[in-house]
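Encoded as structure tokens, the structure appears first; notes follow it.
Numbering (our numbering), first residue to last: 438 to 1076.
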């Protein structure tokens, strides 16, 4: 064998060192002898590829058998986007049931109406009892905490008293779930966990329908549900294969199960993937050093990968942040000799800690913040699923863009698809179709005139125009807002004795009211943030994604969070008494959570990585970054 061929084979073997994992996992799913497992798959290791490869092979080998027995493999993912990607790769085959954890949980429990009612009754009684006990210990019942607690007691009591009047419970995994008969996201998870643990009938149904259950991003799956699945597998080990895919270093949500890699039975299989296919070598060395003090796990790089670039830029917290970040981009372009390091949104991904940091930089903070602060709307505004938002982002905004581009075809397409004035029913019932067409034209012209002479109307003005003409259907959740009186807008509560649903609706309408007082251009910027065109993402939200050029922005003060502290991670701030107590007791600290978040953010980069740290102690951050052996001195720059 020639030296060249030998070297080529060596490279092929190195870059294929994890290929055995796919075949091993397939064997675990053999219906003749199930084996449950935890597959460790670090950043960039091709976890999703392994999952899809295994399932594709399973379909070829056992698909007919499963289809004939009406059984399926359940694949639980963390996000809708991840579910859609896996469904697409598996060509939507009938033996696979791919869904988010919330959707899966709801499908399992939704027919158990009486059991749900009983669980809610017991849970509400316990919560009310705890709140009453806390209230009895309060020294000042007129302070904000006590007033909020009293409102919670009243709200929960109303809900408890109204349970018997609910014939059927409802739930939308992508909605705000605010009506009296709806369940919250957390309730659905807790209910499913309780039923899986304690209802033999549900256990039998689950196992007979889904003898194989695979959980992606298992480290961030709610610990109550993970524990329930563990109990199910231990109770029926011959009947179900439970497979967990994940990396404990990438657990970034507090409700995930701690030390998952040590929690499952000793009989489980534990294959692991060691190769990082994503990143250049220097980036892999950085993320290896970040996790060194946690579990010592190290990844290796593909042989053909370049060295890559990593830089830490440290700036005073009081500095001009837009100017600082523009300077970093220019420095990275020069350092990497990569012209793609520029302001083009498609070339760089900028990772911030909280969504409002992006909202502030992109110019939609005033619209975003009131909705995000309302807990029942916060999830929907982050994924854009709220009907009140899709009216503007999916219908009005494209209509306005078509108007700007003078595209009559696009305007007509949107009207034909979305406007009730253009609907088939109108045309059939109309005695004079020309009149109906003219009404639609006038309504459209009235709406689009709001943008004449480069005006930027408020969102409320846009909504009022649509309400006046009936051009589009307005979601029921915001209809009352258009006609609310001034007194109703200023009120933060309704009269004593009102239903809980009315109280909740009033608070939510106040949030929409504050958001819709802002210019429509903020909707456009918000829509851009949601799209793949946006150069911004959060440290948490990009888990599972990858980008050629990444800038990670660190700023505890601007993030306004309490779960993470980069100042403590980099030694610019002392650990608190509570942190030290947790350390002494072997519990997780904010520094532990931040280290994992930092790992996730840095590991998104393929080619080059810039970290911008805003701090009050630049010299301290620099010293510790070097002492931690995360960065060489030549890789750290004070701005």
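Even glycine gets a Cβ: it sits at the ideal position worked out from N, Cα and C.
Quick one: Cα of residue 965 to Cα of residue 638, how far? 47 Å
Starting from residue 1051, trace the beta strand (DSSP E) in both directions and tell me its first and last residue. 1042 to 1052
Considering Cα atoms alone, identify which of 700, 724, 730, 737 is closest to residue 714. Of the candidates 700, 724, 730, 737, the residue whose Cα lies closest to the Cα of residue 714 is 737.
When you compare only the Cα positions, how much space is there between residue 661 and residue 1032? Rounded to whole angstroms, residue 661 to residue 1032 spans 24 Å at the Cα level.
Would you check if the region 667 to 676 and the region 686 to 693 touch, i.e. whether three or more CB-CB distances between them fall below 8 Å? no
Between the alpha carbons of residue 603 and residue 590, how many angstroms are there, rounded? 20 Å
Looking at residue 531 and residue 520, is the spacing between their C-beta atoms short of 7 Å? no
Proximity of residue 1067 and residue 726 at Cβ, strictly below 7 Å: yes
Nearest CA to the CA of residue 510: which residue from 647, 566, 1008? Nearest option by C-alpha distance: 647.
Please classify residue 832: does DSSP put it in a helix, a strand, or coil? helix
Do the region 692 to 711 and the region 1000 to 1016 make contact, defined as three or more Cβ pairs closer than 8 Å? Segments in contact, no.
For residue 490, which of 1042, 467, 459 has the nearest alpha-carbon? 459
For residue 577, the first and last residue of its enclosing beta strand (DSSP E): Careful: residue 577 lies outside any beta strand (DSSP E) and carries neither H nor E.
Measure the CB-CB distance between residue 546 and residue 628 and report whether it falls below 7 Å. yes
Are there three or more Cβ pairs, one per stretch, closer than 8 Å when the region 796 to 809 is compared with the region 835 to 850? no
Answer yes if the region 480 to 499 comes into contact with the region 747 to 760, meaning at least three C-beta pairs across the two stretches below 8 Å, and no otherwise. Output reads no: the region 480 to 499 does not touch the region 747 to 760.
Quick check: the Cα distance between residue 817 and residue 956, rounded to an integer number of angstroms? 21 Å
Tell me whether the beta-carbon of residue 626 lies closer than 7 Å to the beta-carbon of residue 618. no
Write down the C-beta distance between residue 488 and residue 698 rounded to the nearest angstrom, noting that I regard them as a contact closer than 8 Å. About 18 Å; that fails the 8 Å criterion.
Helix, strand or coil, according to DSSP, for residue 734 in the structure here? coil
Element boundaries [alpha helix (DSSP H), containing residue 760]: 758 to 773
Taking the straight line between their C-alpha atoms, what separation do you get for residue 571 and residue 585? Residue 571 and residue 585: Cα-Cα distance of roughly 12 Å.
Quick one, which of 728, 720, 974 has its alpha-carbon nearest residue 743's? 720
Using a Cβ-based criterion (distance less than 6 Å to any ligand heavy atom), does residue 590 qualify as near the ligand ZN? With respect to small molecules bound, the structure shown includes none, and the ligand ZN cannot be examined in it.
Are residue 679 and residue 473 closer than 7 Å when you measure CB to CB? yes
So, helix, strand or coil for residue 722, using DSSP? Three-state result, residue 722: helix.
Would you decide whether residue 886 is buried or exposed? Buried here means 16 or more other CB atoms lie within 10 Å of its CB. exposed
With H, G and I counted as helix, E and B as strand and the rest as coil, what does DSSP make of residue 477? strand
So residue 854 is in the alpha helix (DSSP H); what residue range does that whole segment cover? 845 to 855
For residue 479, tell me which candidate among 683, 890, 632 has the shortest Cα-Cα distance. 683
To the nearest angstrom, how far is the alpha carbon of residue 574 from that of residue 621? 29 Å
Using only CA atoms, which one of 959, 987, 1003 lies nearest to residue 993? Proximity to residue 993 across 959, 987, 1003 peaks at 1003, based on C-alpha coordinates.
Residue 760 to residue 986 span [Cα, whole Å]: Roughly 19 Å separates the two Cα atoms.
Have a look at residue 665 and residue 658 and give me their C-alpha separation to the nearest angstrom. 12 Å
What residue range is occupied by the uninterrupted beta strand (DSSP E) comprising residue 786? 786 to 789
Can you list the alpha helix (DSSP H) stretches of 4 or more residues lying completely in the region 985 to 1012, in chain order? Those alpha helix (DSSP H) runs which fall completely within the region 985 to 1012 and span 4+ residues are 993 to 996, 1003 to 1006.
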